[in-house]
Structures are given as structure tokens and as C-alpha cells.
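To start, the structure itself, in C-alpha cells.
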Amino acid sequence: MIENEAAPAIHVAPSPHIRDTKGDTRKMMMDVILGLLPMVIVAVYLFRLYAVKQMCICLVSCLAFEWLFVKMRQRSGTLKDCSAVVTGIILALSLPGSAPWFVGVIASAVAMGIGKIIFGGLGMNIFNPAMVGRAFVMIAFAQLMGAGSYENLTGLVDGVSGATPLSALKFNHLATPVPDLFWGMTNGSIGETSTAACLAGGLFLVLRRAASWQIPLGILATVLVLAGIGDIAGSHSGRLLIHHLFGGALMFGAFFIATDPVTSPLTSKGKWVFGIGTGFLIMVIRFFSGYPEGVMFAVLMMNAVTPLINRWTNPQPMGEA
Amino acid sequence: MGLLSLKGFPGTGSFRHGVHPPDNKSLSAESKVEVMETPDTLTLPLLQHLGVPCKPVVKAGQMVRYGEMIGKGEAFVSASLHSPVAGKIKKSIMVTLPNGRHLPAMSVQTQGEQVSPHKIWADMKSKDWPRDCISIYDPFTIVKIIHDSGIVGLGGAAFPTHVKVTPNDTRMIDTLMINGCECEPYLTCDYRLMKEAPRAIVAGALLTGRAVSAREIVICVEDNKPDAVKKLKEATEQTVIKIAVLKTKYPQGSEKQLIKAVIGLEIPLGGLPSDVGVAMSNVGTMATVARGVIKESPLTHRVISVSGRGIKHPKNLFVPIGISMGEVIDYCGGLTQDAARVVAGGPMMGFSFSNFSTPVTKGTSGITVLSHDEISNEKETACVRCGRCVDACPMNLVPTRLALAARYNNPSIARQYHIQACFECGCCTYVCPAKINLVQLIRTGKKLVASGAK
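Here the protein sequences line up with chains A and B, keeping their order. Offset between the first sequence (1-based) and this note's numbering: plus 21. Offset between the second sequence (1-based) and this note's numbering: plus 283.
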């Protein structure tokens, strides 16, 4: 028999006795942070100190509010799971660089408090926290949220403010050149301007399986079709289509906001429904509302119907057909 | 190789979802089956199969011969028990099996002249298992011998084999599927058996096929075992048996998943393979059937794997049923300092245990000793509804919902989401990034539902 002195301690536990070591919640969050890097870099390059300031404010306040609210609920600390960092970065990237400091702080407080902790913390929230925070300041500080400024790298002045590509098109019928739109040399919220950066980060997320591929594809395909119809109907010769696809927060939203696993459906079928629904709502708001942009509201509305989608798309077990 | 070898079958060679844990079979895959010497004492629990325990037919102090029946399976779903040695019956004792069942057991003290286990294994490996004179056995005789030999499924679940092969007028068997997938990581006993004793498997498959009057017999092997496929191909030449090579994936060896992969049919919820005209049995069981019918010797010995990074010398062994786990572990050099968990069976579905006097039973396919690095003690974090468990579930269930229903004591939700369809393969727990013990919660939920709670 086994000698007592040399016997190792033997644990007893139910099966399975092995686990996939590749993924844990924190690693998933780290993947998202890595995926966000291209946008962070482009934001700093384009908006310089405005971007740095905005990101620092949101990051610090998100972490602080998470800590505070969790403490108020007398739960153990949850800062280690890095989800507050992700919310902070996404929130900052969705704000214009020119928004004053208190906008970021208030948005963070609403994001963490009402967007997340009030529901019970990570995994329990119904709405995307960053979008809840942004929605609040969008309405409370509409003026401050509208304008933005960016570093014009070729110009003589330091900051240029101007309309974002989608509002320029919607209200002034001005089209931004396509390369500027694609690479991000335009005005807008600091993280959303560059389609190239969003695609790079987004593809990384999808490949790492930190985000589903069905949701971004569903959104982009729906927007492509609806904007395409709008384009042909209004004979914009491609201008409208390109603007709707590359402009605004579409790419950023499709890859980083709508794919939040907590607030999107569980099954692959449900993810398609969610993606297509979000794309549809985005175009409804963009075409018919007073806002030039609709990603945030579209995602929030689809978040609200996610529990229903989960119920509708509940998979049939094998053998039940 | 690969899926091309599935030609002639309507299935795709795979099923939806599942996981790919590292198979770690190389630790023991190249170790030839070694025969263990007969130990002094054997402990034989009266329930080593699914169903009703058998009744002892010998008394303490009585002498028994090799292969003599010591417990009789009287109920239909029960299996008889035979002594693997010649010896003296001792007073009955209670044992606790790794699965937690506390049972009466008979113990036999080896005495007198023995049938050498080396000879039994040499017989098994030999090439002269008949293939063409199978027709001299009529189906009813074969079923009866299977019943009398105490044969149960050797894949792990230990379901009495005679129940599967007993002719049934309402459900005709079309295909006999022989399961050689062995999808649990580490285990290699079926692989070694297919490689070393393919003729015995083929003879058993032909006999069983005759018993159930199957039109087709197919041996299913995963594509990570090309050597086994080669040996089986040689052994099945000029027989009606086909070989299906399947995608390596866990749980490919599960009955429902395997039928889906090969035949393309789904067993209705709560149904049995016979509902789609299939009878399924494991390769080891087939070799035992051959031995039972042709050599007239009951199930007394089996091949097991002893593997894992926590065991000094991983091996495949031919052991008598009733030998203690401790003796087997000692024979393999004992545990290393790194050993953390000892599992009866494979790491995905096996039961961990710490009492090494517990015996090897008919359903023990191996002993896996895991090291500290392999077992996870990470703390559970919040579910972020990533849906990985949904993408992993081979039954197409929503494990996270079932687990929550169990955790919050909600049997009606659990029922609504088909909790009873879960066969506890553990894929969901394996992939969960939040380290939630999903399958464990689902087990409690199943009990809750079975108890009829509302």
C-alpha cells in the first residue's frame, strides 16, 4: 500500500477533473482590452491630450465607482476581474474628446451604478453599462456631447472642431472623403472615427473568441443592405452607403459594444437575431430621427429584448424534433 | 485516413458541439498490456453494474473454483458474478465504491490451483478466434451465455449486456455498433485491446451481431487511433464488419453522439438506441462475449489503463476483477509527489476517490492520477453569459440556465429546459471561463426534478 510518509494529499471532487486552462473571465477581459488598443492608439494620435485626459478620467472614475458601489452593497471587491477597466475604456472611447471632465465622471458613475451594480454586478446587468452612462450624459449634456475637436495634423491651428461625418452629411449634405473616413481622420467620439482600427481590434476579438462573430456580421450586413437601399433610392452614388458603413460608431459598436456577452443573447441563432435587430434599429434612427447616429440607442433597445430573444431561440435538445 | 473512411454511412463522422481536451494518451498508449499476478484476496461487490444487485449463492468458508458463480443476477436488469480465482469465500464485508455507493461485497481468498491469468490473456490475444463458424451458435444460446457469463458493458456505464441483446419484437435491431472511440483523455485500454486482440473483438462482434440479428455491424474508432484501425481492418477482412473512423472529439464515445455521427439519426429524448434500430456495445465487451461464448469462461478479468502525470509508470494491465486499486497503483510504481487526485475512469466523467482499498469492478476502465497542475482549484466568478457552455453542450442544451435553475431551486424551469436530457459529460464545466461547476449543479437539479419537486 501507499506509505504514509510519502503519500501526497489526495483530493476528492466531482467530475470533470480537468478544465480548459485557456479561458477565464479575467483573460476574456484582457483580450477585450488588447482588442481596444488600436482605437486607443488612434485616439491618442488624433486627439492627443483630449483623448489621454478623457481616458484617464473614465478609467479612474469607473474603477473608483465600481469599488464604492460594491462596497456599499457589502460585497467582496470585484476590481480584479477587469470588467470595470473595459467599461472605462469603452465609455471614454465613446465620448468626444472635448467633453469636459465632469461629463466623464458622471457618465462613469451612471455606468457603474445604474448600468451595472444596481442589477447585481458583473453578469447580472441587462444593459451595456458604458452605453447606459453615455446615454445619460448624451441627454443631460447634449450641447457638450455634440461638438468635438481633433488635432489637425496638417493644419496650423492645434485643434479643429467640426461636425462629425454623419451630421455633416445629414444636415449639411457634405461628404467626407472616403480615405479620411476609413482611416479615421475625422471628427467624432475619440474611439469611433477609425474604421481601420475598429476592424483590426474587432477581428482580433472574434479570432480570440472574446466576441461572437454573428453579432458584428449581422449588424454590418443589415446596415449594408438598408444603407444600400437608401443609397439607390436617393441616388447618392455610393456616398450614403460608405458613410453609414464607415462613419459614426457603427464599426466600434458592432465589434465592441453590441458583442458584450452579458447583455447579448446566448445562442448562435439568438446572436443573429440580435445583430440583425441592432442593425435595423441603427438605420431607423439614422434615417428618421433628429440624431445623426443611432448605435447607442439601438444597442440599448436590443439589450432590453435580449431576455425575450433568449426565450425565443432556446435550442431544441438533440432528439427533440 | 480521416472522414473518408466513413464512406457508406449516412453520418458525417461527428456531432454538433463538444470539446477538445488534450487527450494525453501518449503516456500509456505504447505500453503493452501487462498481466498482473493473482493477488491474495479479491473483493467483489454485489453490484458492479447498472440495475439490481445480485444475490450471493455461496456461503462463507466455502471453496470455489475459477469462474464459479458466486452471485446470481435474478432480476432482468442484473448481472451474475463469478470468482476470478480458485479460493475460499470469506465473510461478506461492506465496501464503498468510487461512485459513492456503499455495498455488501464478497471476498475471496486465493487458495489451491489457479488458472493462470497469463494464459487467459494469451488466449485473448491469439489469432485463432473463429470467424466463419459463428453460425453454429444459435441466437438464443448466445444471449443465454451472455446472461450466464455476467457480462456487462466494459466502457464505464456497466449496463448488463444481455438486456441489450435480448430479442425484442417491437424494436428490431438493424445495426450493431461497436464502440471503440475511447474519447476520455488518458485512457488507452480499449486502444490496446483493439491493437493486441482485434480477433477476439471481431469474434465477439459477429456473435453479438448474430444474437441481435443485425444487418450491419460497424466498429467505430476515433481518428487519433490509426494503428487500431489498421489492426481491426486486417482482422475484419472477409467479414461483414465495417470500420467507421470518426473525428476525435469529446464525447464522441457517448451512445447518442456516436449514433448521430455514424448513422445520422437522433435518439428521441428519453429513448434508447433500439428506438432507431441500433444496439451498441464497447470493444472490450465484445472480446468478453467471445471468451464467454467460445471459451465458455465468464467475465472475470478486464484490461484497465493506469495513467496520468501523478503515477510513476503509466501502464495497461490485465487484472482480475476485485483487485484493490491500491495494489494496481503500487504495481505501477505508486503515486508521484505531484499526485493530487486519483480518479476511477477518465478525468471527464470518472469518480475521484481516496480509499485505495476500493476494488476494481467490471466497469472500471482505468485509473487516472492527475497532478496539481492539471486539476483546477480556481475560485468561481460571475457568469458573464458568454455562451461557451451552450456552444459545448453535445445535447444542445443551455447549461447555464439549467445550473441557475438548480442553484435557485427551480425545478419547473429546469424541466422546461430539458434538464433530464443532460448525460453529465462535463463539457460545460470544462469550458466555463467563470469556473462555475455547471455539471455538478445540473446533477443536483436532476435529482430535484426526479424527486418530483414543483
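The C-beta atom is built at its ideal place from N, Cα and C for all residues, glycine as well.
Environment of residue i [buried if 16+ CB atoms lie within 10 Å]
i: A:Gly176; result: For A:Gly176, the predicted structure reports a pLDDT of 49, less than 50, and the residue's modelled location is therefore unreliable. A value from the coordinates is still provided. A:Gly176 should be labelled exposed.
i: B:His332; result: buried
i: B:Ser734; result: exposed
i: B:Gln394; result: exposed
i: A:Arg94; result: exposed
i: B:His401; result: exposed
i: A:Leu329; result: exposed
i: A:Gln235; result: buried
i: A:Ser36; result: buried
i: A:Met159; result: buried
i: B:Gln540; result: buried
i: B:Ser745; result: No answer is possible for residue 745 of chain B: the residues shown for chain B start at 284 and end at 737.
i: A:Leu195; result: exposed
i: A:Gly259; result: exposed
i: A:Ala132; result: buried
i: B:Arg384; result: exposed
i: B:Ser590; result: buried
i: A:Leu271; result: buried
i: A:Cys79; result: buried
Boundaries of the beta strand (DSSP E) in which residue i is found, first to last residue
i: B:Pro603; result: Lys598 to Pro603
i: B:Pro328; result: Thr324 to Pro328
i: B:His401; result: From DSSP, B:His401 is part of no beta strand (DSSP E) but of the alpha helix (DSSP H) over Pro400 to Lys408.
i: B:Glu661; result: Segment: none, B:Glu661 is in no beta strand (DSSP E) and carries neither H nor E.
i: B:Ala440; result: Taken as a continuous stretch (DSSP letters only), B:Ala440 belongs to no beta strand (DSSP E), as it is neither H nor E.
i: B:Ala733; result: Note, B:Ala733: premise wrong, no beta strand (DSSP E); alpha helix (DSSP H) at Leu721 to Ala733.
i: B:Ser637; result: Element bounds for B:Ser637: n/a, residue is neither H nor E.
i: A:Arg40; result: No beta strand (DSSP E) contains A:Arg40, which DSSP labels as neither H nor E.
i: B:Ala562; result: Val561 to Asn565
i: B:Lys371; result: Gly370 to Ile372
Span of the alpha helix (DSSP H) around residue i
i: B:Ser695; result: Pro694 to Gln699
i: B:His747; result: As displayed, chain B neither begins before 284 nor continues past 737, which places residue 747 of chain B out of reach and without an answer.
i: A:His257; result: Where A:His257 is concerned, there is no enclosing alpha helix (DSSP H), given that its DSSP letter is neither H nor E.
i: B:Gln392; result: That residue, B:Gln392, is in no alpha helix (DSSP H); its beta strand (DSSP E) goes His385 to Thr393.
i: B:Leu541; result: Glu538 to Val545
i: A:Asn193; result: Pro186 to Asn193
i: A:Gly154; result: Pro150 to Ala161
Proximity of residue i and residue j at Cβ, strictly below 7 Å
i: B:Gly728; j: B:Ile546; result: no
i: B:Gly350; j: B:Pro556; result: no
i: A:Glu213; j: A:Phe157; result: no
i: B:Ser607; j: B:Ser640; result: yes
i: A:Pro286; j: A:Asn331; result: yes
i: B:Asn565; j: B:Val316; result: no
i: A:Val53; j: A:Ala231; result: yes
i: A:Leu143; j: A:Ser115; result: no
i: A:Ala72; j: A:Ala85; result: no
i: B:Gly301; j: B:Pro716; result: no
i: A:Ala319; j: A:Thr299; result: yes
i: B:Ala527; j: B:Leu289; result: yes
i: B:Leu437; j: B:Arg574; result: no
i: B:Cys466; j: B:Gly553; result: no
i: B:Asp558; j: B:Gly593; result: no
i: B:Ala486; j: B:Met407; result: no
i: A:Ile211; j: A:Phe68; result: yes
Self-check item: Within 9 Å of chain A by C-beta, residues of the region 429-448 of chain B in sequence order
Solution: none
Q.
Which runs of the alpha helix (DSSP H) at least 4 residues long sit entirely within the region 89-140 of chain A? Give them in chain order.
A. 104-114 and 122-134
Margin query: For the region 312-327 of chain A, list every residue whose C-beta sits within 7 Å of some C-beta in chain B, in sequence order.
Written below: none
For the region 82-108 of chain A, list every residue whose C-beta sits within 7 Å of some C-beta in chain B, in sequence order. Asp102
Counting only runs that start and end within the region 481-530 of chain B, where is the alpha helix (DSSP H) found for 4 or more residues in a row?
481-494 and 509-519
The region 206-240 of chain A: positions lying closer than 9 Å to chain B by Cβ: Arg230, Ala231 and Ser233
**Message:** If we require 4 or more residues per run, which alpha helix (DSSP H) segments fall completely within the region 307-339 of chain A?
**Reply:** 316-333
Q. Of the residues that make up the region 533-544 of chain B, which ones have a beta carbon closer than 9 Å to any beta carbon in chain A?
A. Lys539, Gln540 and Lys543
ask   = In chain order, what residues of the region 127-151 of chain A put their CB closer than 7 Å to some CB of chain B?
value = Gly142, Leu143 and Gly144
- Item | Within 8 Å of chain B by C-beta, residues of the region 48-63 of chain A in sequence order | Lys48 and Met49
Using a Cβ-Cβ cut-off of less than 7 Å, give me the residues of the region 261-293 of chain A that come near chain B, in sequence order. Pro282, Val283, Leu287 and Thr288
query = Given a limit of 9 Å on CB to CB distance, which residues of the region 628-650 of chain B reach chain A?
reply = Gly628, Gly629, Pro630, Met631, Met632, Gly633, Phe634, Ser635, Phe636, Ser637, Phe639 and Ser640
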